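Residue numbers (the working numbering), protein chains in the order written: chain X, 1368 to 1626; chain W, 1368 to 1626. Every residue, glycine too, gets a C-beta built ideally from N, C-alpha and C. Note that the structure is a prediction, hence the values are computed from the model and not measured. Data block below; observations after.
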DNA sequence: CTTCTGTTAATGTCTATACATAATCGCCCC
DNA sequence: GGGGCGATTATGTATAGACATTAACAGAAG
């Protein structure tokens, strides 16, 4: 235990206590000094070492555990986790925000807008019953007048009935939905495809050119909300993600869609 | 308020108290009942409502804040966060693990292995000084004998000197590195490219076919470790990610590379 | 009306303690 | 030796209180 119980009141030039403990443990793990499988000191050892209460070290170790750096088991204690998988966090931003950050002028065109029953293939992908009425919108996104993405979107009118009368004059469908409809689950699929004639014409590229396709389907408490298939020209856009296993943020990293 | 202050000792048929509070708040946010910008009750209101201590509600709200569902500010209280960006968490798995899960036989071939000074383009990408000695390895990954990925990797021998004598007889370079060298930062770039003649031959596809390219660069406390460029046939592989904003896991979701 | 300042309310961190839970360890008995 | 069983131990959850920090707010001074 600490030599003075009043030591808690003075953070002389440093951050917070739990942060200092966190940094110490993290640096030992990430430097390789504590390899995977290595025993992390018990909570009572750490509270003796840092002269603090168990709640403080418990919070630190719990955070490290939810971040995947250590594995905790009752009675057995904590060990440094195996780095089983690598994670990339892609943050798909709003087109307008992305353009503003890049210093370009954003514009969009609604190419197509219909309300019709879901087709068989989409019903299969989304799990919706045949005959469900969907709003189908095709949007072209332009950065400084140059096509940057081609978006084909289906919106479930059972979940979002107010979309039936929306014509997306001010905001593109993705932004409009994001601001209006919460979602609880999302599924993303990333693929590479060769542009067909229609895509090539819309995105001003040669037929057969490689395109990056991002499909996103979102649900809200089990109810399907929307499916978006966004096609980026392979030569003009790519997705960038950064990740740090020790980051304390919501997803452990940040990322952005970049030209 | 609770009808009985001694209720804390009896979780009759439910989970834990903090989890119940969490679920309540999360469902109100994600159902849209509390839209972005809506005020979340103050901590003392919640402790009155649930008949618990402030530490308990504080932990709940802090967790929701780090997960990005709410924004907290001193004196002003907490509000439901704006859903500014959508996140996709891609979990890039070990090839062998992925194959085992898919029920296929995994095999790999080292096509090329040299040690040479870094070239100008790679020096620019990685920020390494010209002349740094790098191990360059090209690997073909096969699932049931079919090429599934083509990997070009550079390993910094200053950071990983033991790689100089490694010939990857048992494990492919990615797996070998992951088990041996910790990393603290990673950067990912996803692109779509048309296969050139060499790639098409290796991956048994037509020249010009679209390929998904994942580039990953990793650092360890500022020191560059490795760069991997993994090319997947666009028609055979895609990346799948799932994400739930309320998930409590390390990155708020899970994902996998799938055929 | 503006700016400065002191109050105050809400969150952030930490302590000391208590009991619950789970799993390992060692012991006993067969 | 092996199998069951209780004791031990580390973590998981929760409490009640304390002080620090910050920023919104109101009132005073110019």
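Please classify residue i as buried or exposed, where buried requires at least 16 neighbouring CB atoms within 10 angstroms.
i, result
"residue 1631 of chain X", "Because chain X is modelled from 1368 through 1626, residue 1631 of chain X falls outside the range shown and cannot be assessed."
"residue 1574 of chain X", "exposed"
"residue 1465 of chain X", "buried"
"residue 1462 of chain X", "buried"
"residue 1528 of chain X", "exposed"
"residue 1484 of chain W", "exposed"
"residue 1571 of chain W", "exposed"
"residue 1402 of chain W", "exposed"
"residue 1523 of chain W", "buried"
"residue 1625 of chain X", "In this prediction, residue 1625 of chain X scores a pLDDT of 43, lower than 50, which makes its location untrustworthy; no coordinate-derived value is stated."
"residue 1375 of chain X", "Residue placement at residue 1375 of chain X is poorly supported in this model, since its pLDDT is 44, which falls under 50; the coordinates still yield a value, given next. By the 10 Å Cβ count, residue 1375 of chain X comes out exposed."
"residue 1496 of chain X", "exposed"
"residue 1478 of chain X", "exposed"
"residue 1622 of chain W", "Below a pLDDT of 50, predicted positions are generally treated as unreliable, and residue 1622 of chain W, at 44, falls in that range; no measurement from the model is reported."
"residue 1618 of chain X", "Because residue 1618 of chain X carries a pLDDT of 46, less than 50, the predicted location of this residue cannot be relied on, and the following value inherits that uncertainty. Under this definition residue 1618 of chain X is a buried residue."
"residue 1609 of chain X", "buried"
"residue 1562 of chain W", "buried"
"residue 1541 of chain X", "buried"
Measuring alpha carbon to alpha carbon, tell me which residue in the options is nearest residue i.
i, options, result
"residue 1480 of chain W", "W:1447, W:1531, W:1392 and W:1437", "W:1531"
"residue 1444 of chain X", "X:1465, X:1592, X:1404 and X:1487", "X:1404"
"residue 1631 of chain W", "W:1437, W:1534, W:1545 and W:1389", "The shown model of chain W, from 1368 to 1626, leaves out residue 1631 of chain W, and the question about it has no answer."
"residue 1435 of chain W", "W:1447, W:1424, W:1383 and W:1441", "W:1447"
"residue 1595 of chain W", "W:1392, W:1589, W:1453 and W:1507", "W:1507"
"residue 1591 of chain W", "W:1597, W:1501 and W:1578", "W:1501"
"residue 1504 of chain W", "W:1498, W:1467, W:1544 and W:1492", "W:1544"
"residue 1597 of chain X", "X:1583, X:1587 and X:1492", "X:1583"
"residue 1387 of chain W", "W:1450, W:1417 and W:1536", "W:1417"
"residue 1560 of chain X", "X:1600, X:1541 and X:1429", "X:1600"
"residue 1512 of chain W", "W:1441, W:1471, W:1540 and W:1557", "W:1471"
"residue 1627 of chain X", "X:1538, X:1494 and X:1393", "Any property of residue 1627 of chain X remains undetermined from this structure, which presents chain X solely from 1368 to 1626."
"residue 1458 of chain W", "X:1580, X:1565, X:1554 and X:1603", "X:1554"
"residue 1516 of chain X", "X:1604, X:1389 and X:1407", "X:1604"
"residue 1589 of chain W", "W:1564, W:1482, W:1441 and W:1494", "W:1494"
"residue 1521 of chain W", "W:1593, W:1420 and W:1602", "W:1593"
"residue 1547 of chain W", "X:1442, X:1398 and X:1488", "X:1398"
"residue 1442 of chain X", "X:1468, X:1406 and X:1449", "X:1406"
"residue 1440 of chain X", "X:1499, X:1409 and X:1491", "X:1409"
"residue 1419 of chain W", "W:1429, W:1449 and W:1383", "W:1383"
Compute the beta-carbon to beta-carbon distance between residue i and residue j, rounded to the nearest angstrom, for a pair I have assumed lies under 8 Å.
i, j, result
"residue 1385 of chain X", "residue 1423 of chain X", "5 Å"
"residue 1526 of chain X", "residue 1552 of chain X", "That pair is no contact at about 13 Å."
"residue 1569 of chain X", "residue 1612 of chain X", "Wrong, their Cβ atoms sit about 40 Å apart, outside the cutoff."
"residue 1414 of chain X", "residue 1473 of chain X", "No, residue 1414 of chain X and residue 1473 of chain X are not in contact; Cβ-Cβ is about 53 Å, not under 8 Å."
"residue 1587 of chain W", "residue 1550 of chain W", "5 Å"
"residue 1577 of chain X", "residue 1577 of chain W", "4 Å"
"residue 1629 of chain X", "residue 1558 of chain W", "The shown model of chain X, from 1368 to 1626, leaves out residue 1629 of chain X, and the question about it has no answer."
"residue 1389 of chain W", "residue 1427 of chain W", "5 Å"
"residue 1460 of chain X", "residue 1452 of chain W", "5 Å"
"residue 1556 of chain W", "residue 1456 of chain X", "With 8 Å as the limit, residue 1556 of chain W and residue 1456 of chain X do not qualify as a contact, their Cβ atoms being about 13 Å apart."
Interface positions of the stretch 1453-1473 of chain W facing chain X (Cβ-Cβ less than 8 Å), listed along the chain: For the stretch 1453-1473 of chain W, residues whose beta-carbon sits nearer than 8 Å to a beta-carbon of chain X comprise 1453, 1454, 1455, 1456, 1457, 1458, 1459, 1460, 1461 and 1464.
Every unbroken beta strand (DSSP E) within the stretch 1432-1487 of chain X, with a cutoff of 3 residues, ordered by chain: Here the runs fully enclosed are 1437-1440, 1444-1447, 1453-1459 and 1473-1484.
Interface positions of the stretch 1543-1568 of chain X facing chain W (Cβ-Cβ less than 9 Å), listed along the chain: 1545, 1546, 1547, 1548, 1549, 1550, 1551, 1552, 1553, 1554, 1555, 1556, 1557, 1558, 1559, 1560, 1561 and 1562
Members of the stretch 1594-1610 of chain X near chain W, C-beta cut-off 7 Å: Within the stretch 1594-1610 of chain X, contact with chain W at the beta-carbon level (separation under 7 Å) is assigned to 1601, 1605, 1606, 1607, 1608, 1609 and 1610.
Where the stretch 1520-1543 of chain X meets chain W: residues whose CB sits under 7 Å from a CB there: none
Near-chain W residues of the stretch 1397-1410 of chain X - C-beta to any C-beta below 7 Å: The residues in question are 1397, 1398 and 1399.
Contact set between the stretch 1487-1518 of chain X and chain W, restricted to residues whose Cβ is under 7 Å from the partner: none
Secondary structure, beta strand (DSSP E): runs of 3+ residues fully inside the stretch 1530-1600 of chain X: 1552-1561, 1577-1587 and 1590-1600
Residues of the stretch 1410-1440 of chain W with Cβ closer than 7 Å to any Cβ of chain X, in chain order: 1433, 1434 and 1435
4-residue-minimum alpha helix (DSSP H) runs that sit fully inside the stretch 1398-1438 of chain W, ordered along the chain: Runs found: 1410-1417 and 1421-1433.
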